[in-house]
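Following the numbering used here, the numbering of the sequence shown begins with 3 at its first residue and continues without gaps.
Notes follow once the structure below has been shown.
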Amino acid sequence: MILDSLLSWFSVDMGIDLGTCNTLVCVRGEGIVLNEPSVVAVHKGTNKVLNSGQAVGWSAKEMLGKTPGSITAIRPLKDGVISDFEITEAMLQYFIRKVNGRSRLIGPRVVIAVPSGITTVEKQAVETSAINAGARLVWTLEEPIAAAIGAGLPFAEPTASMIVDIGGGTTEVAIMSLADIATCESVRVAGDDLDEAIISHMKRSYNLMIGEQTAERIKIQIGSAAPVGEETSIEARGRDMISGLPRKTVITSEEIREALQEPVNAIVEAVLRTLERAEPELAADLVDNGITLAGGGALLRGLDVVLQNATGMEVRLAEDPLTCVAAGTAIFLENIDEWKDTLESSMDH
Ligand code: ADP
Ligand code: MG
């Protein structure tokens, strides 16, 4: 214990938000020092990670759709479960080493926020990867807890709070009280599905094939869950499915809202199910405390309004939904001595 405190003087403390879309790393005392896509470039067929400095993060994402046939870019946590241990390990090690490279002799203490849907075995694999990357101590923290801390919710107090964390691959809905998750559900409907709904709409209504990045851009520029603000329109470019030739067409915010309805409803349903399962005393607290939204998906215009109408509760956005989980891991690190016993899993080497 004393030794550990001494060692901390010579090493860094690192908080990692291992997201399905983006990985953020913060260092105690410095804030967020890395924010890159959770993407790894691999050799097609073998799934072997590219042996170059461009294999992970931004440089890997830039390769998406532009790579020679033998290389492909993968998101190893896309569904909130680890699809490939080796690829996930390579990614985590790249990020940890990139941040720790400029630092000290002694390995960092690391807190990693992981999707709440991953299994114990997967959690251990994440911990082992961090140890292999040079970490001295590792804790994993369930993402909704990290999000709640980052959003400033009274997660350790005897009152219930509710967080809905809408990422790229998963939406995590959790009700917390006394530093623990009382009820939680992780569904595989999130930002990616909104993009896919736009892709299907463009095929169905215009015979136009558009790429994932274009779909995401449309969502961010004119997407909404409810009519808020002025209706707008933009041009979408893609390939005509009949002629095979490049083409553009104008689309409106109204039709995109219509196209997003199904995945938006699925997110609303998950929130309603979780509320229905809450103990009455916790439900009573939520009447006052309301629902807090986190994750990049929470930035979809009007989503708060839709959830407010469906639940009759007050819904607010975390201050910075995209960095909320990373901020939570940083705050956790600051209080590590007090809070580490509440964590279900840790590894000491
Ligand atoms: P994860 O934690 O799973 O890595 P993030 O919290 O980083 O996910 O959120 C990524 C998702 O948020 C993506 O689907 C992205 O398209 C979406 N997103 C980011 N900004 C916006 C925005 N302004 N409007 C709607 N969706 C957004
Ligand atoms: Mg996330």
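A virtual CB, placed ideally from N, CA and C, is assigned to each residue, including glycine.
This one's a predicted model, so the numbers in the text were calculated from it and none came from an experiment.
Helix, strand or coil at residue i [DSSP, three-state]
i	result
T234	coil
S255	helix
G292	coil
G246	coil
A115	strand
A227	coil
H351	Because H351 sits at a pLDDT of 40, beneath the cut-off of 50, its placement in the model cannot be relied upon, and the point is left open.
E218	helix
D182	strand
E38	strand
A43	strand
L262	helix
D86	coil
E144	strand
M164	strand
S188	strand
V175	strand
N24	strand
K50	strand
D19	strand
R275	helix
L210	strand
I73	strand
G240	strand
R303	strand
V14	coil
Given residue i as reference, the closest of the options once Cα atoms are compared
i	options	result
G21	L324, E340 and F334	L324
V273	D19, I244, A149 and Q310	Q310
E214	D194, G231, L26 and E233	D194
I114	E129, G170, E336 and V123	E129
E233	D343, I224, G103 and F12	I224
R303	I18, P229, S179 and N134	P229
V41	L247, L79 and E187	L79
D19	T251, I222 and C326	C326
W341	R138, A75, T122 and L143	L143
G71	Q56, H45, F157 and T185	H45
A280	N37, A217 and M178	M178
V191	G240, F334, E271 and A62	E271
E257	R249, M243, A150 and H203	H203
Any non-hydrogen atom of the ligand MG within 7 Å of residue i CB
i	result
V355	Residue 355 is absent from the structure shown; the chain starts at 3 and stops at 351.
D167	yes
D19	yes
E214	no
E91	no
E145	yes
G292	no
G246	no
G297	yes
Residue i and residue j closer than 8 Å at C-beta
i	j	result
V175	G119	no
G17	T331	yes
I168	A153	no
A199	E264	yes
P110	D15	yes
S235	I253	yes
I89	V27	no
D306	A162	no
V317	A268	no
L262	L210	no
L36	V101	yes
E38	N49	no
A300	A149	no
Proximity test, residue i beta-carbon vs the ligand ADP heavy atom, cut-off 7 Å
i	result
I236	no
G304	no
K250	no
G152	no
E187	no
S85	no
T22	yes
G240	no
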